[in-house]
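Novice: Structure provided below as structure tokens; questions to follow.
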Amino acid sequence: MLEKALTGSRRYWTWIFLLLGISGIGLIFYLKQLSYGLGITGMSRDVSWGFYIGQFTFLVGVAASAVMLVLPYYLHNYKVFGRITILGEFLAVASVTMCLLFIFVDMGQPMRIFNVLLHPTPNSIMFWDAVVLSGYLLLNIIVGWTVLGAEHKDVPPPGWVRPLIYLSIAWAPSIHTVTAFLYSGLPGRHFWLSAIMAARFLASAFSSGPSLLIILALIIRKFTRFDPGREAIQALGKIVTYFMITNVFFLGLEFFTAFYSNIPGHVYTFQYLYSGIEGHGKLVPMMWASNVLALIALILLINPKTRRNEKTLSIAAAAVFLSLWIDKGFGLIVGGFIPNPFERITEYWPTMPETLITLGVWAAGLLMLTVLYKIAVAVKEEETT
Amino acid sequence: MSLSRRDFLKLAGITTLSTLGSVSAVNLLRRDNIEASQVSPRPEALKAKRWAMVVDMRKFKTPEDYKRVIDACHSAHNVPDFGNPKDEVKWIWTDTFEHAFPGQESKYMPEGLKDKPLLLLCNHCDNPPCVRVCPTKATFKRSDGIVMQDMHRCIGCRFCMAACPYGARSFNWRDPRPYIRVENKEYPTRTIGVVEKCTFCTERIAKGLQPACVEESNGALLFGDLEDPDSEVRKALRTNFTIRRKSELGTGPGVYYIIGGSENA
Chain S
0 MLEKALTGSR RYWTWIFLLL GISGIGLIFY LKQLSYGLGI TGMSRDVSWG FYIGQFTFLV
60 GVAASAVMLV LPYYLHNYKV FGRITILGEF LAVASVTMCL LFIFVDMGQP MRIFNVLLHP
120 TPNSIMFWDA VVLSGYLLLN IIVGWTVLGA EHKDVPPPGW VRPLIYLSIA WAPSIHTVTA
180 FLYSGLPGRH FWLSAIMAAR FLASAFSSGP SLLIILALII RKFTRFDPGR EAIQALGKIV
240 TYFMITNVFF LGLEFFTAFY SNIPGHVYTF QYLYSGIEGH GKLVPMMWAS NVLALIALIL
300 LINPKTRRNE KTLSIAAAAV FLSLWIDKGF GLIVGGFIPN PFERITEYWP TMPETLITLG
360 VWAAGLLMLT VLYKIAVAVK EEETT
Chain U
0 MSLSRRDFLK LAGITTLSTL GSVSAVNLLR RDNIEASQVS PRPEALKAKR WAMVVDMRKF
60 KTPEDYKRVI DACHSAHNVP DFGNPKDEVK WIWTDTFEHA FPGQESKYMP EGLKDKPLLL
120 LCNHCDNPPC VRVCPTKATF KRSDGIVMQD MHRCIGCRFC MAACPYGARS FNWRDPRPYI
180 RVENKEYPTR TIGVVEKCTF CTERIAKGLQ PACVEESNGA LLFGDLEDPD SEVRKALRTN
240 FTIRRKSELG TGPGVYYIIG GSENA
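Chains as they are written, first to last, in numbering that gives the first Met the number 0: chain S, 0 to 384; chain U, 0 to 264.
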């Protein structure tokens with residue numbers, strides 16, 4: 000089926016080369032980072048994780064969301080999703096790949112990456128994160144490719160793939176739970192030390208991922224002859240609505256515990272993020288933008304009229320995605336380091352090379368997604384003609 | 000037997016993966032983690048069941064007292080000086096009471112004590128969070144309580160820096176070598192992209208010497224075996240009130256502070 004990615008319109012190739020170009024620029028700056036060191040980024044002794052790990056965390060959520068299509072179809076026989084489970088699975092493949100790339104570019108000694116396998120350390124959550132992420136990647140590649148291949152040949156998918164599908168359903172929440180455990184088990188980082196961190200991660204994952212799927216489905220309908228289906232998009236809209244409400248509710252819980260208990264360590268980061276401390280407030284505008292976007296999204300999603308209208312639904316989906324990208328890709332990770340263990344404030348902002356490397360990874364991921372979706376859509380188009 | 004190119008690649012791939020897998024499995028099953036072995040200890044080496052330190056702040060009077068101690072450590076261990084906080088690498092340093100012991104300060108504490116610098120370093124915890132999170136065992140606890148860092152195994156993921164509640168760990172954001180004032184050829188320099196921190200001078204203990212900072216402190220820093228009732232540190236702990244940084248986190252820090260009263264303000 001790979002050959003289907005090799006033929007396409009002029010628009011397809013322009014897009015491919017654009018993405019190649021952006022990842023190429025990212026690669027050049029990555030080589031620069033490799034020789035200069037991670038000092039080329041905005042990170043410091045105090046804020047020792049930044050943009051890269053933020054993107055990684057956010058994208059794990061996007062990857063986990065494939066289960067929102069797979070579960071209703073395979074466990075509840077919700078047929079409407081049957082046509083588009085592949086979109087979820089391939090989105091998961093591209094997202095996990097981006098996650099791995101972001102981890103890679105964040106490493107000080109990337110040549111030593113196999114030390115993680117050579118010296119497996121079960122007491123390190125990072126070890127388990129590597130296990131669940133690579134497992135999830137494999138499951139989605141195998142399941143997605145096999146089911147699509149069967150569809151291509153007009154035969155039912157082989158029986159052995161079913162247990163793998165059920166496994167992938169159980170596996171999806173694990174990747175985000177384990178990723179949350181990276182943060183929520185660290186003594187002395189009060190902002191992260193919260194038992195509902197994993198639950199928050201899942202709620203934001205199941206709203207940001209399906210939001211992206213809505214946007215992708217609309218793009219596919221516009222540019223190809225394959226229609227993911229109005230009903231499927233509406234069902235995704237409802238999923239986003241419930242999980243976005245849950246997500247905002249969970250954030251509210253964090254606020255309550257911090258401010259009602261009034262324990263300084265728990266309050267400081269929230270103050271830093273939303274109002275600034277002692278004149279330090281680089282993230283304040285971003286965090287408020289995230290809140291406003293969440294509010295707009297909720298209004299558009301809860302109101303049935305605007306949710307049913309695909310135009311306003313797509314605006315809501317974009318607002319959810321952007322809001323959670325800021326909240327998780329930026330505020331959550333950077334915020335955890337501010338203030339530092341000495342209750343001093345060192346701020347963080349990504350540098351130009353860091354931003355270009357980040358863009359490069361996103362472009363590489365989008366490139367992978369484009370190729371996978373091109374193949375999937377080509378197979379789907381065969382059926383309709 | 001003839002192999003097609005495709006079959007060869009498959010075979011090669013499977014072999015590589017299974018070799019890596021079985022090496023990992025064997026490592027995983029070997030529960031009694033072998034101590035990253037030094038050569039057999041010299042007879043003159045200092046030995047202890049649990050190394051610990053007492054910092055007697057009453058004996059730090061002038062800026063020179065701090066500088067002597069910090070310089071001794073940083074020059075012995077080739078710690079670079081970048082001259083900016085962003086790239087900073089430090090093993091032992093100072094900060095004021097309210098920043099060293101956040102939440103312990105009060106408005107009415109002795110004048111001068113509030114702003115008096117305290118000496119800070121790795122606490123060599125009983126239950127070190129940095130060791131718990133390290134994905135490669137590059138940071139590990141020795142049986143004598145010292146938390147060590149293997150800078151050849153470290154992959155630079157900086158999970159330990161996020162986990163350490165004491166801000167004791169530094170990362171080599173840039174090549175440190177050009178920023179070492181005078182290189183000590185007896186001690187290794189570091190490369191880009193690895194984490195480092197205080198090691199309680201394992202290289203000196205092995206030769207029967209006290210840590211560099213202790214030696215230069217004129218008795219303000221005491222170093223010894225916490226499990227030996229007759230050790231210097233135990234004597235100091237018996238006769239003075241001491242506090243430890245963030246001991247409520249359950250880390251069991253091994254550095255104790257004698258703060259003293261207003262007489263040292």
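Glycine included, C-beta positions come from ideal geometry on N, C-alpha and C.
Against Pro-128 of chain U, what residues of chain S qualify as contacts under a CB-to-CB distance less than 9 angstroms, listed in chain order?
Specialist: Numbered from 1 along the second sequence, position 129 holds the residue referred to as residue 128 of chain U. Correct list: Gly-184, Leu-185, Pro-186 and Gly-187.
Novice: Pull up the DSSP beta-bridge partners for Ala-51 of chain U, would you.
Specialist: In the second sequence, counting from the first residue as 1, residue 51 of chain U sits at position 52. Paired residue(s): U:Gly-223.
Novice: Taking Phe-126 of chain S as the query, report the chain U residues whose CB atoms sit under 7 angstroms from its CB, ordered along the chain.
Specialist: As a first step, residue 126 of chain S is located in the first sequence; it is residue number 127 there, counting from the start. Chain U residues near Phe-126 of chain S: Pro-134.
Novice: Strictly below 7 angstroms CB to CB, what residues from chain U border Arg-343 of chain S?
Specialist: Position 344 of the first sequence, counted from the first residue, corresponds to residue 343 of chain S. Near Arg-343 of chain S (Cβ distances below 7 angstroms), the residues of chain U are His-98.
Novice: Can you tell which of U:Arg-57, U:Asn-239, U:Arg-141 and U:Pro-134 has the C-alpha that lies nearest to the C-alpha of Arg-157 of chain U?
Specialist: For the purposes of this step, residue 157 of chain U is taken as residue 158 along the second sequence, with counting starting at 1. The shortest C-alpha separation from Arg-157 of chain U is found at U:Pro-134.
Novice: Using DSSP with H/G/I as helix, E/B as strand and the rest coil, what is Pro-116 of chain U?
Specialist: Your numbering for residue 116 of chain U matches position 117 in the second sequence. Reduced to three states, the DSSP call for Pro-116 of chain U is strand.
Novice: Rounded to a whole number of angstroms, what is the C-alpha to C-alpha distance between Ala-205 of chain U and Phe-199 of chain U?
Specialist: As a first step, residue 205 of chain U must be located in the second sequence, where it is residue number 206. As a first step, residue 199 of chain U must be located in the second sequence, where it is residue number 200. Cα to Cα, the separation comes out at about 11 angstroms.
Novice: Within the continuous alpha helix (DSSP H) that includes Trp-348 of chain S, where are the two ends?
Specialist: Indexing the first sequence from 1 puts residue 348 of chain S at position 349. No alpha helix (DSSP H) holds Trp-348 of chain S; DSSP gives it neither H nor E.
Novice: Give the residues of chain U in contact with Asn-261 of chain S, contact being defined as C-beta atoms less than 9 angstroms apart.
Specialist: For the purposes of this step, residue 261 of chain S is taken as residue 262 along the first sequence, with counting starting at 1. Near Asn-261 of chain S there are no residues of chain U at all, since even the closest Cβ is about 13 angstroms away, more than 9 angstroms.
Novice: Measuring alpha carbon to alpha carbon, tell me which of U:Asp-86, U:Asn-171 and U:Asp-70 ends up nearest Thr-93 of chain U.
Specialist: Along the second sequence, read from residue 1 onward, the residue named residue 93 of chain U stands at position 94. The shortest Cα separation from Thr-93 of chain U among U:Asp-86, U:Asn-171 and U:Asp-70 belongs to U:Asp-70.
Novice: With a threshold of 8 angstroms between beta-carbons, can Arg-5 of chain U be considered close to chain S, or not?
Specialist: As a working mapping, residue 5 of chain U is identified with position 6 in the second sequence. No, no contact with chain S.
Novice: Take Ala-264 of chain U and list the residues in its own chain whose beta-carbon comes closer than 8 angstroms to its own, dropping the five residues that flank it on each side.
Specialist: Walking along the second sequence from the start, residue 264 of chain U turns up at place 265. Note that Ala-264 of chain U has pLDDT 44, beneath the 50 cutoff, so the model's placement of it is unreliable and no number is given.
Novice: Hey, Val-266 of chain S and Ala-4 of chain S are a contact pair by Cβ (cut 8 angstroms); roughly how many whole angstroms apart?
Specialist: Taking the first sequence and counting its residues from 1, one reaches residue 266 of chain S at position 267. Taking the first sequence and counting its residues from 1, one reaches residue 4 of chain S at position 5. Actually they do not touch by this definition, with Cβ atoms about 51 angstroms apart.
Novice: Among residues of its own chain, excluding the 5 on either side of Arg-49 of chain U, which ones have a beta-carbon nearer than 6 angstroms to its beta-carbon?
Specialist: Taking the first residue of the second sequence as 1, we reach residue 49 of chain U at position 50. Hits under 6 angstroms: Gly-144, Leu-225 and Glu-226.
Novice: Identify every run of the beta strand (DSSP E) within the stretch 170-244 of chain U, keeping only runs that are complete inside it and at least 3 residues long; order them along the chain.
Specialist: Correct list: 220-224.
Novice: Using the beta-carbon of each residue, which ones in chain U are nearer than 7 angstroms to Thr-120 of chain S?
Specialist: Residue mapping note: residue 120 of chain S aligns to position 121 of the first sequence, counting from 1. Cys-133, Pro-134, Thr-135 and Lys-136, listed in chain order.
Novice: Tell me, please, whether the CB atom of Trp-348 of chain S is closer than 8 angstroms to any CB atom in chain U?
Specialist: As a working mapping, residue 348 of chain S is identified with position 349 in the first sequence. No, no contact with chain U.
Novice: With the cut-off set at 8 angstroms, would you say Glu-253 of chain S and Ser-193 of chain S are in Cβ contact?
Specialist: Taking the first residue of the first sequence as position 1, residue 253 of chain S is located at position 254. Taking the first residue of the first sequence as position 1, residue 193 of chain S is located at position 194. Yes. Within cutoff.
Novice: Determine the extent of the alpha helix (DSSP H) in which Thr-13 of chain S is found, giving its start and end residues.
Specialist: Taking the first residue of the first sequence as 1, we reach residue 13 of chain S at position 14. Residues 9-35.
Novice: Can you tell me whether DSSP reads Tyr-165 of chain U as helix, strand or coil?
Specialist: In the second sequence, counting from the first residue as 1, residue 165 of chain U sits at position 166. Of the three classes helix, strand and coil, the one that applies to Tyr-165 of chain U here is coil, per DSSP.
Novice: Between the C-alpha atoms of Arg-20 of chain U and Leu-116 of chain S, what's the straight-line distance to the nearest angstrom?
Specialist: One-based indexing of the second sequence puts residue 20 of chain U at position 21. One-based indexing of the first sequence puts residue 116 of chain S at position 117. Sequence check: residue 20 of chain U is Gly here, not Arg. Computed Cα separation, rounded: 8 angstroms.
Novice: Let me know the secondary structure DSSP gives Ile-127 of chain S once reduced to three states.
Specialist: Along the first sequence, read from residue 1 onward, the residue named residue 127 of chain S stands at position 128. Here residue 127 of chain S turns out to be Trp, not Ile, going by the sequence shown. Helix, per DSSP.
Novice: Ignore the nearest five residues each way along the sequence and tell me which others in Phe-320 of chain S's own chain have a CB closer than 6 angstroms to its CB.
Specialist: Here residue 320 of chain S is taken as the residue at index 321 of the first sequence, counted from 1. Closer than 6 angstroms at Cβ, skipping near neighbours: Ser-207, Ser-210 and Leu-211.
Novice: So, does the CB of Met-351 of chain S fall closer than 8 angstroms to a CB anywhere in chain U?
Specialist: Against the first sequence, residue 351 of chain S aligns to sequence position 352. So, not an interface residue.
Novice: Mind listing the chain S neighbours of Arg-152 of chain U? Cutoff is C-beta to C-beta under 8 angstroms, in chain order.
Specialist: Walking along the second sequence from the start, residue 152 of chain U turns up at place 153. Per Cβ cutoff of 8 angstroms: Arg-111, Asn-114 and His-118.
Novice: How far does the beta strand (DSSP E) with Thr-93 of chain U in it reach, from first residue to last?
Specialist: To locate residue 93 of chain U, count along the second sequence from 1; it is residue 94. Where Thr-93 of chain U is concerned, the enclosing beta strand (DSSP E) stretches over 91-95.
Novice: Could you name the residues of the same chain whose beta carbon sits closer than 8 angstroms to that of Leu-355 of chain S, not counting the 5 residues immediately before and after it, in chain order?
Specialist: Position 356 of the first sequence, counted from the start, is the residue given in the question as residue 355 of chain S. Here the set comprises Ile-24, Gly-25 and Phe-28.
Novice: Mind checking which residues open and close the alpha helix (DSSP H) that includes Met-196 of chain S?
Specialist: Residue 196 of chain S sits at position 197 when you count from the first residue of the first sequence. That run of the alpha helix (DSSP H) goes 196-222.
Novice: Touching or not, the stretch 362-369 of chain S and the stretch 84-96 of chain S, by the rule of three or more beta carbon pairs under 8 angstroms?
Specialist: They touch, by the three-pair rule.
Novice: Just to confirm the assignment, what range does the beta strand (DSSP E) spanning Thr-138 of chain U have?
Specialist: By 1-based counting over the second sequence, the position of residue 138 of chain U is 139. Element bounds for Thr-138 of chain U: 138-140.
Novice: Between the C-alpha atoms of Leu-236 of chain U and Val-61 of chain S, what's the straight-line distance to the nearest angstrom?
Specialist: The residue you call residue 236 of chain U lines up with position 237 of the second sequence. The residue you call residue 61 of chain S lines up with position 62 of the first sequence. Cα to Cα, Leu-236 of chain U sits roughly 53 angstroms from Val-61 of chain S.
Novice: Does DSSP put Val-254 of chain U in a helix, a strand or coil?
Specialist: Numbered from 1 along the second sequence, position 255 holds the residue referred to as residue 254 of chain U. DSSP places Val-254 of chain U in strand when its eight states are reduced to three.
Novice: Flag this pair as yes or no: are the beta carbons of Phe-341 of chain S and Gly-166 of chain U separated by less than 8 angstroms?
Specialist: Mapped onto the first sequence, residue 341 of chain S falls at position 342. Mapped onto the second sequence, residue 166 of chain U falls at position 167. Yes; because the gap between Cβ atoms is below 8 angstroms, this pair is in contact.
Novice: With which residues is Val-146 of chain U paired in a DSSP beta bridge?
Specialist: Position 147 of the second sequence, counted from the start, is the residue given in the question as residue 146 of chain U. DSSP lists U:Lys-140 as partners of Val-146 of chain U.
Novice: Once DSSP output is grouped into helix, strand and coil, what is the label at Ile-112 of chain S?
Specialist: Here the question's residue 112 of chain S lines up with position 113 in the first sequence. Correct three-state label for Ile-112 of chain S: coil.
Novice: For Val-154 of chain S, count the other beta carbons within 10 Å of its own beta carbon; 16 or more makes it buried, fewer makes it exposed. Which is it?
Specialist: Counting from one through the first sequence, the residue named residue 154 of chain S turns up at place 155. Per the 10 Å Cβ criterion, exposed.
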